[in-house]
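Counted the way our numbering counts, the sequence shown spans residues -6 to 126.
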Amino acid sequence: MSTSTRELVNPPAIHPAPGFSHVTIAEPGRIAYIAGQVALAPDFSVVGGDDLGAQTRAAMQNVKLALDAIGATWDDVVRRTIYTLAPTEYETITSAIEDVQGSDQHPAQTIVGVTGLAVEGLLIEIEVTVHLP
């Protein structure tokens, strides 16, 4: 995986950042914005039932499919925004993300608590910003 397109920074004066980085610096290039990905199968059925970890893994698999389609890798992701009905379940979300991306190196990230998503039964939606060299 390439690490030349981004630098992850965690200033020591800010609280520790388990599961994300406080700052991501991207070199000049093109930016891709991947729309929020959710745990939906091609037939629009919800994957993972009411299991937040399973839904997070399914959403991240869809993010991976989008990255593959544009020739990008996890190392090219410079920002991640997570919308979830369970924002305090940080450990479950982070563990599932790391399962799919195969790394504990995280870009700048925000988790937003929401009261609902576009399809009944969805628990999480993940969007990413990607730097393309």
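Backbone N, C-alpha and C define an ideal beta-carbon position, used for all residues, glycine too.
- Burial is judged here by how many other beta carbons sit within 10 angstroms of a residue's own beta carbon; residue 84 has fewer than 16 and is exposed.
- The C-beta distance from residue 115 to residue 86 rounds to 14 Å, too long to meet the 8 Å contact threshold.
- Secondary structure at residue 87: helix, using DSSP grouped into helix, strand and coil.
- The beta carbon of residue 93 sits closer than 7 Å to the beta carbons of 50, 53, 54, 57 from its chain, once the five residues preceding and following it are set aside; these are given in chain order.
- Taken in chain order, the complete alpha helix (DSSP H) segments of 4 or more residues contained in the segment 21 to 102 are 45 to 62, 83 to 94.
- For the set 118, 101, 102, the Cα lying nearest the Cα of residue 109 is the one of 118.
- Of the candidates 97, 122, 81, the residue whose Cα lies closest to the Cα of residue 88 is 97.
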